[in-house]
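A.B. asks:
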Amino acid sequence: MNESCRVETVRDGDLAVVRTEGYINREGGEEIERCVQLLLEGGVSRIVLNLEKTKIVNSIGISILIEVLEKMMERKGALAFCRLTPTIDKTFRIMGLAQYAGIHSTEEEARSALSATA
Amino acid sequence: MAKEVCLSIPSTPGMELAATAQAEALGEAMRLSRDKIDEVKFALVEACINAFEHAGQSAGQVDLRFRVSHRPGGAEMLEVTVADRGKGFDPERVEPPELERKLRGGGNKRGWGLKFIQSLMDEVEIRSTENGTTIVMRKYK
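Top line first, the protein sequences correspond to chains A and B.
So that you can map any letter, position 46 of the first sequence is 29 in the numbering used here, and since no number is skipped, the others follow by simple counting.
So that you can map any letter, position 103 of the second sequence is 136 in the numbering used here, and since no number is skipped, the others follow by simple counting.
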C-alpha cells in the first residue's frame, strides 16, 4: 500500500509556488526538498508550499520540511504554507512552525504575504 | 456492546496507511467528526512509524486493535492500540522537541511523533518493556 507524492512548481520571478499532491512521507518530503533546491539554485528566494491536495503527512516528511525551512532561512529567504487540512494546520501550530513560516488559508494570501517581504 | 477489529501489519513503511483505512472506516461508522477522524489517522500513522522503527525489520509484525466502546458515563470513543515486539524505550526519557533548537542547531529534525500523538488524542497510555511497546490512544466522540 502506497500513496506517492507528486510535486508541481510554478515560478514567478523570485517567488515560486510548490503544489503537492498525496502523502508527504520520507519520499514525498525528499521530492519537495529536491524541487525547492532546484528553485533556490535558480534564484528563487520566496516559496509558497500549497498542500491543498495533501491530506496526510507524517513526522518524517515534516522533518524534511523543517530542513527545507532551515535552508530558506540560511539564504534569508521566506517560506509560507497554504491550504492545509485542519489537522495538518493544528500539527504545524503545535510545532510552533507559524513563528518561522506563514500559514495561510489561500495561495493568493500566501503570495501576497511573501510579496510584502520582498 | 463494544465493536472490535484486530489487524496485524508488517513492519514496513507504507503499511501505516492500511491502519488508517481501518480507523477511518470505524470512525465513519460511529459518526466521529471528519476532523477527529483525521486526528486519529495522524496519531495512528505516528504510532505505527514509531513501532516500525522500534521493532525493526526483524521483529516482523505490528499488532493493532481498534475498539469502539463507551467510556464510563456514556460518551462513545474510538480506542486504538498499537503494539510492537521491539526493544522498547523509556517514554520519560524522550526529550520534548523544540523547533527553535532544531532550526538553529542543525542536526536531527525528527522526534515529533510522541508530541503529535499526545496533542491530537484525548488520552494516551504508553507501556514499554524490553519485549515491546504498546500505545493505547483514545478519541472521544
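Backbone N, C-alpha and C define an ideal beta-carbon position, used for all residues, glycine too.
Only a predicted model underlies this, so the values are computations on that prediction, with no experimental measurement involved.
What are the boundary residues of the alpha helix (DSSP H) that E14 of chain A is part of?
C.D. replies: Stepping through the first sequence from its first residue, residue 14 of chain A is reached at position 31. E14 of chain A -> alpha helix (DSSP H) spans R9 to E24.
A.B. asks: Between the alpha carbons of L102 of chain A and I15 of chain A, how many angstroms are there, rounded?
C.D. replies: Any question about residue 102 of chain A goes unanswered here, given that chain A covers just -16 to 101.
A.B. asks: Given K148 of chain B, which residues of its chain have a CB within under 8 angstroms of its CB, disregarding the five upstream and five downstream residues?
C.D. replies: For the purposes of this step, residue 148 of chain B is identified with residue 115 of the second sequence, where counting begins at 1. Closer than 8 angstroms at Cβ, skipping near neighbours: P129 and P130.
A.B. asks: To which residues of the same chain is E50 of chain A closer than 6 angstroms at the C-beta, ignoring the five residues directly before and after it?
C.D. replies: Reading the first sequence from its first residue, position 67 is the one you call residue 50 of chain A. Excluding residues within five positions, none has a Cβ falling inside 6 angstroms.
A.B. asks: From Y6 of chain A to E72 of chain B, what distance separates their C-alpha atoms?
C.D. replies: Against the first sequence, residue 6 of chain A aligns to sequence position 23. Against the second sequence, residue 72 of chain B aligns to sequence position 39. Distance between the alpha carbons of Y6 of chain A and E72 of chain B is about 15 angstroms.
A.B. asks: Grab me the residues of T114 of chain B's own chain with a C-beta within less than 6 angstroms of its C-beta, minus the 5 sequence neighbours each way, in chain order.
C.D. replies: Locating residue 114 of chain B in the second sequence gives position 81, counting from the first residue. R98 and V169, listed in sequence order.
A.B. asks: Per DSSP, D(-5) of chain A forms a beta bridge with which residues?
C.D. replies: In the first sequence, counting from the first residue as 1, residue -5 of chain A sits at position 12. Beta-bridge pairing links D(-5) of chain A to A:L(-2).
A.B. asks: Taking C-beta pairs closer than 9 angstroms, name the residues in chain B that I39 of chain A reaches, listed in chain order.
C.D. replies: As a first step, residue 39 of chain A is located in the first sequence; it is residue number 56 there, counting from the start. Within 9 angstroms Cβ-Cβ: L50, T53, D71, K74, F75 and V78.
A.B. asks: Can you give me the start and stop residues for the alpha helix (DSSP H) that D68 of chain B sits inside?
C.D. replies: Within the second sequence, the letter at position 35 stands for residue 68 of chain B. R67 to A88 is the extent of the alpha helix (DSSP H) around D68 of chain B.
A.B. asks: Whole angstroms are fine: how far does the CA of S102 of chain B sit from the CA of G60 of chain B?
C.D. replies: Position 27 of the second sequence, counted from the first residue, corresponds to residue 60 of chain B. Position 69 of the second sequence, counted from the first residue, corresponds to residue 102 of chain B. If you take the alpha carbons of G60 of chain B and S102 of chain B, they lie about 12 angstroms apart.
A.B. asks: Give the residues of chain B in contact with L32 of chain A, contact being defined as C-beta atoms less than 8 angstroms apart.
C.D. replies: Reading the first sequence from its first residue, position 49 is the one you call residue 32 of chain A. None at all; the shortest Cβ gap to chain B is about 16 angstroms.
A.B. asks: Pull out every residue of the stretch 64 to 96 of chain A whose Cβ sits closer than 9 angstroms to any Cβ of chain B, in chain order.
C.D. replies: T68, P69, T70, I71, K73, T74, I77, M78, G79, L80, Q82 and Y83
A.B. asks: Determine whether the beta carbon atoms of L67 of chain A and L34 of chain A lie at a separation below 7 angstroms.
C.D. replies: The residue labelled residue 67 of chain A in the question sits at position 84 within the first sequence. The residue labelled residue 34 of chain A in the question sits at position 51 within the first sequence. Contact flag set, yes.
A.B. asks: Determine the closest residue to L153 of chain B out of A:S88, A:T100, A:F64 and A:R76, with distance taken between C-alpha atoms.
C.D. replies: For the purposes of this step, residue 153 of chain B is taken as the residue at position 120 of the second sequence. The shortest C-alpha separation from L153 of chain B is found at A:R76.
A.B. asks: Buried or exposed: which applies to K36 of chain B, given that a residue is buried once 16 or more other Cβ atoms fall within 10 Å of its Cβ?
C.D. replies: Counting from one through the second sequence, the residue named residue 36 of chain B turns up at place 3. Exposed is the call here.
A.B. asks: Tell me whether I39 of chain A sits in a helix, a strand or coil according to DSSP, three-state version.
C.D. replies: By 1-based counting over the first sequence, the position of residue 39 of chain A is 56. Looking at I39 of chain A - three-state DSSP - the assignment turns out to be coil, as it is neither helix nor strand.
A.B. asks: Quick one: does S41 of chain B have its CB under 7 angstroms from some CB of chain A?
C.D. replies: As a working note, residue 41 of chain B is residue 8 in the second sequence. So, not an interface residue.
A.B. asks: Measuring CB to CB, does G79 of chain A end up less than 7 angstroms from L132 of chain B?
C.D. replies: Numbered from its first residue, the first sequence carries residue 79 of chain A at position 96. Numbered from its first residue, the second sequence carries residue 132 of chain B at position 99. Result yes, Cβ atoms of G79 of chain A and L132 of chain B sit closer than 7 angstroms.
A.B. asks: Taking Cβ to Cβ, would you say A81 of chain A is nearer than 7 angstroms to H87 of chain A?
C.D. replies: Translated into the one-based positions of the first sequence, residue 81 of chain A becomes position 98. Translated into the one-based positions of the first sequence, residue 87 of chain A becomes position 104. Not closer than 7 angstroms, so no.
A.B. asks: Taking the alpha carbon of G144 of chain B as the reference point, which residue from A:Y83, A:S46 and A:V(-7) has its own alpha carbon closest?
C.D. replies: Locating residue 144 of chain B in the second sequence gives position 111, where the first residue counts as 1. Here the closest residue by C-alpha is A:S46.
A.B. asks: Does the Cβ of E112 of chain B have 16 or more other Cβ atoms within 10 Å, making it buried, or fewer, making it exposed?
C.D. replies: For this step, residue 112 of chain B is matched to residue 79 along the second sequence. Its Cβ being crowded by 16 or more others within 10 Å, E112 of chain B is buried.
A.B. asks: Would A58 of chain B and L77 of chain B be called neighbours here (beta carbons separated by less than 7 angstroms)?
C.D. replies: As a first step, residue 58 of chain B must be located in the second sequence, where it is residue number 25. As a first step, residue 77 of chain B must be located in the second sequence, where it is residue number 44. Not in contact: A58 of chain B and L77 of chain B (Cβ atoms no closer than 7 angstroms).
A.B. asks: Out of A:G25, A:K73 and A:E24, point me to the one whose CA is closest to F75 of chain B's CA.
C.D. replies: The residue labelled residue 75 of chain B in the question sits at position 42 within the second sequence. Of the listed residues, the one whose Cα sits closest to F75 of chain B is A:K73.
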